[in-house]
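*Asks:* Have a look at this one.
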Amino acid sequence: MEMINLTINGVSLKAESGSTILNAAKIIGIKIPKLCNMEMKDIGFIHRQSCCRICLVEVDGVEDLLPACSTHIWEGMSISTNNIKVMTTRRTILELLLSDHPKSCLYCPKNHNCELQELAADLGIREVRIFGASIPHALKYTKAIVRDPNKCIKCRRCEAMCRDIQTCNVLSQAESGFRAVVETAFKENLEDPENKACTFCGQCVAVCPVAAIYETTYIWKLIEDLANPKKKVIVQVAPSVRVSLGEEFGLPPGTNVTGKMVSALRKLGFDEVFDTNFAADNTIMEEAAEVKERIEKYLSGDKDVRLPILTSCCPAWINFIEHNYPDMLDIPSTTKSPMEIFGSVAKNIWTKSQGIERENLVCVSIMPCLAKKYEAGRPEFHYRGNPDVDYSLSTRELASLLKQADINLCNMEESEFDNPLGVCTGAGAIFGRTGGVMEAALRTAYEWITEKELLDVNFYALRGIEEVRVAEVMIGSIPLKIGIAHGLGAARKLLDKIKNGEENFHAIEIMACKGGCVGGGGQPFHHGNFEIIEKRIAAIQEIDDKKIIRKSHDNPYIKLLYEKYFTSPLSPEAIRLLHTTYYPKNNSSSD
Ligand code: SF4
Ligand code: SF4
Ligand code: SF4
Ligand code: FES
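Heads up: take any position in the sequence shown, counting from 1, add 49, and you land on this note's numbering.
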């Protein structure tokens, strides 16, 4: 790699040819303010729209100030990032940005997490001397995501994420100049039947620097239910929440706060604190049975068997295939997501064992995910109008609720989940990271297909963070070609290859978010730092590594559930309660 010599603020340095000024400055610890720019190289997200101009710097011999985020360095370049001209220009730009921005920081969903607010503090803005007109916009609500165009600073990160990484193309800039706004194609609501593309993956929310896109909150609904003596309120917590929640309380990314989180949830007033990991083990019972069934049919020469089998636990991915590949809806596993399996078992089986009316049980989920809010509202998961999962809160909402209730997670004693829906294996735990669902399924499918014990449960070839991973896995003497994709653009690449007959697989795992659920749209904001997501992945793996039982079918409470209620995977009762149907998005029953 060719190295370039340059000077920044009088300090000489070498940087790789092709670097931007912004990235070269980081080498010597100089932080140039930025707003529209976001770069997560590990996942291929390089957003250099260069529209906010907050990163302007002065380069010797160049008359105009240049944007550091999109100007590449050259040999002998001499740059000033902090002279009086640069600082006053930046200040004016920021004041212009603030001039028509709502001043509702005190009650803004992004308060304390807003990059614009932080920038105003960093640049020492104490007053705004410029007053601009603004065009008022109505807020747009859905079950999962709220859009507030009044707060949009037109950085277009959401557009780039939705178009380039997720390939959904839902959002783009409409109109221009003062009237510019980031919108859907015909200004439809994301949930409108006419809008056939939003998956509710929440990745636009994850990258928006302000509160122009944020999650629909169910905090007050939950507070009301917790205060209602006629209701029994139970909670399930997804695998990846326990390795990210601590960040909201100042703990390092990847801190495992399972025991403290359970105590905090009990202190909030939940009657039972259960684990979605248990339901993940249940998911594997059904999904591994489907894998076994389809592989055995394939090996026996059945020409009609549908392969590859695709995982089905990510609701944004399910929305994606329903929108984009309606002719391939017979390929995914029909097993419900762990969240919905938990809801179904809780409302249909656990209520009976407890003598509770279904209507009096409130089943809440804490998820890393915004698509789960949408999933909870799907009619397939309701019985006589009563949902299996009443509503879903994100990791961020849980943190906010704990703070409202003056519960400091860090000060909690450790405690265990309640039983019987609180015991999990290592296989259930790894659902939270990319590759985990497939690895968990293969641990069980291996033993069921070969009828031999799997001595090493680690399928290392399926791990990693490359957006598409392909590995051959030996199930006894049978070689299976496995694909893993995270991010919907990566999923599209694999699906197109299958559709065009370019590549064949036996099984594929797809998760909509980069890194899997650890990078979900409801997680604490990463602000463009992918290392945070990698630390969460490592923490999830550590949970699995430390478990004594690491195969879902060895979970003693799962065995009991099958002995007492389901008899066996794919039995009629299991199909009734644990499986679902997918609909092309032009089918009104799915909207
Ligand atoms: S939720 Fe996902 S699909 Fe929908 S607009 Fe945002 S990034 Fe695009
Ligand atoms: S909605 Fe957020 S991410 Fe999208 S352009 Fe507006 S401010 Fe930027
Ligand atoms: S990867 Fe996980 S967090 Fe992201 S949409 Fe899918 S289920 Fe939700
Ligand atoms: S951060 Fe460089 S132009 Fe916005």
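Each residue gets a CB set at the ideal place from its N, CA and C atoms; glycine is no exception.
Here's the rule: buried if 16 or more other CB atoms are within 10 angstroms of the residue's CB, otherwise exposed. What is PRO387?
*Replies:* When all chains shown are included, PRO387 counts as buried.
*Asks:* Can you tell me whether ASN54 is helix, strand or coil according to DSSP?
*Replies:* ASN54 falls in the strand class under three-state DSSP.
*Asks:* How about ILE179 and LEU146: do their beta carbons lie closer than 7 angstroms?
*Replies:* No. Outside cutoff.
*Asks:* Using the Cα positions of GLU521 and LYS530, report the straight-line distance between them to the nearest angstrom.
*Replies:* Approximately 5 angstroms between the Cα atoms of the pair.
*Asks:* Is there at least one non-hydrogen atom of ligand 3 closer than 6 angstroms to the beta-carbon of ALA117?
*Replies:* Answer for ALA117: no, Cβ out of range of ligand 3.
*Asks:* Around the C-beta of THR629, are 16 or more other C-beta atoms found within 10 angstroms, so that it is buried, or is it exposed?
*Replies:* When all chains shown are included, THR629 counts as buried.
*Asks:* Using beta-carbon positions only, say whether TYR495 and ILE524 come within less than 7 angstroms of one another.
*Replies:* Contact flag set, yes.
*Asks:* Which residues bound the alpha helix (DSSP H) around ALA313?
*Replies:* Taken as a continuous stretch (DSSP letters only), the alpha helix (DSSP H) holding ALA313 covers 307-317.
*Asks:* Check whether the Cβ of ALA365 sits closer than 6 angstroms to any heavy atom of ligand 3, and report yes or no.
*Replies:* Yes.
*Asks:* Which of the three DSSP states is assigned to SER402 in this structure?
*Replies:* In the structure shown, SER402 sits in a helix (DSSP, three-state: H, G or I).
*Asks:* When the Cβ atoms of the stretch 450-462 are set against those of the stretch 572-588, are three or more pairs found closer than 8 angstroms?
*Replies:* No, the stretch 450-462 does not touch the stretch 572-588.
*Asks:* Note down, in chain order, each residue of its chain lying with its Cβ closer than 6 angstroms to the Cβ of ALA193, except the 5 sequence neighbours on either side.
*Replies:* Excluding residues within five positions, the ones whose Cβ falls inside 6 angstroms are PHE249, THR265, LEU419, LYS422 and TYR423.
*Asks:* Would DSSP call GLN238 helix, strand or coil?
*Replies:* Per the sequence shown, residue 238 should be read as Asn rather than Gln. In this structure, ASN238 counts as coil in the three-state DSSP scheme.
*Asks:* Classify PRO528: buried if its beta carbon has 16 or more other beta carbons within 10 angstroms, exposed otherwise.
*Replies:* PRO528 should be labelled exposed.
*Asks:* Are there 16 or more other CB atoms within 10 angstroms of the CB of ASP505, so buried, or fewer, so exposed?
*Replies:* The residue is exposed, with fewer than 16 neighbouring Cβ atoms inside 10 Å.
*Asks:* Need the endpoints of the alpha helix (DSSP H) that SER129 sits in, please.
*Replies:* Counting along the chain, SER129 falls outside any alpha helix (DSSP H), though it belongs to the beta strand (DSSP E) covering 126-129.
*Asks:* How is GLY392 classed by DSSP in three states: helix, strand or coil?
*Replies:* Reduced to three states, the DSSP call for GLY392 is helix.
*Asks:* With a Cβ-Cβ cutoff of 7 angstroms, do PRO158 and ALA255 count as a contact?
*Replies:* No, Cβ-Cβ distance for PRO158 and ALA255 is not below 7 angstroms.
*Asks:* So, do the stretch 209-217 and the stretch 538-547 have three or more beta carbon pairs nearer to each other than 8 angstroms?
*Replies:* The answer is yes - the stretch 538-547 touches the stretch 209-217, with three or more Cβ pairs under 8 angstroms.
*Asks:* Please list, in chain order, all residues of the same chain as GLU51 whose beta carbon is under 8 angstroms from its beta carbon, the five residues on each side excluded.
*Replies:* GLU65 and SER66.
*Asks:* If you follow the beta strand (DSSP E) that PHE44 is in, where does it begin and where does it stop?
*Replies:* In the structure as shown, the chain begins at 50 and stops at 640. Residue 44 is therefore absent and cannot be evaluated.
*Asks:* Report whether the distance from the Cβ of GLY569 to the nearest heavy atom of ligand 3 is below 6 angstroms.
*Replies:* Correct: GLY569 has its Cβ closer than 6 angstroms to ligand 3.
*Asks:* Do LYS563 and GLY475 have their CB atoms nearer than 7 angstroms?
*Replies:* Against a cut-off of 7 angstroms, the Cβ pair of GLY475 and LYS563 comes out as no contact.
*Asks:* Please name the residue, chosen from ASN160, GLY485, LEU503 and TRP497, that lies closest to GLU558 on a Cα-to-Cα basis.
*Replies:* Of ASN160, GLY485, LEU503 and TRP497, the residue nearest in Cα terms is GLY485.
*Asks:* Going by C-alpha to C-alpha distance, which of LYS452, ASP109, ASN331 and SER382 sits closest to ILE644?
*Replies:* The requested residue 644 is not part of the displayed model; the chain covers only 50 to 640.
*Asks:* Based on DSSP bridge pairs, tell me the residues matched to ILE412.
*Replies:* Reading the sequence as shown, one finds Cys at residue 412 and not Ile. The partner list for CYS412 (beta bridge, DSSP) reads ILE283.
*Asks:* Return the Cβ separation of ARG139 and LEU105 in integer angstroms, given the expectation that the two are a contact with Cβ distance under 8 angstroms.
*Replies:* Contact holds; Cβ gap of about 6 angstroms.
*Asks:* Short check: CB of VAL290 to CB of ILE415, under 7 angstroms?
*Replies:* Yes.
*Asks:* Under the three-state reduction of DSSP, which class applies to GLU107: helix, strand or coil?
*Replies:* DSSP places GLU107 in strand when its eight states are reduced to three.
*Asks:* Got a sec: does ligand 3 put a non-hydrogen atom nearer than 6 angstroms to the Cβ of ALA420?
*Replies:* Checking every heavy atom of ligand 3 against the Cβ of ALA420, one is found closer than 6 angstroms.
*Asks:* Anyone know if the C-beta pair for VAL306 and GLY295 falls short of 7 angstroms?
*Replies:* Result yes, Cβ atoms of VAL306 and GLY295 sit closer than 7 angstroms.
*Asks:* What does the alpha-carbon distance come out to for the pair LYS189 and PHE235?
*Replies:* Rounded to the nearest angstrom, the two C-alpha atoms are 13 angstroms apart.
*Asks:* Let me know the secondary structure DSSP gives HIS628 once reduced to three states.
*Replies:* Three-state DSSP puts HIS628 in a strand.
*Asks:* Could you check how far apart the C-beta atoms of GLU389 and VAL438 are, in whole angstroms? I think they sit under 8 angstroms.
*Replies:* Confirmed, Cβ separation roughly 6 angstroms.
*Asks:* Helix, strand or coil: how does DSSP classify GLN166 here?
*Replies:* Reduced to three states, the DSSP call for GLN166 is helix.
*Asks:* Looking only at its chain, what residues have a beta carbon closer than 7 angstroms to the beta carbon of LYS346, apart from the 5 residues adjacent to it on each side?
*Replies:* Closer than 7 angstroms at Cβ, skipping near neighbours: VAL354.
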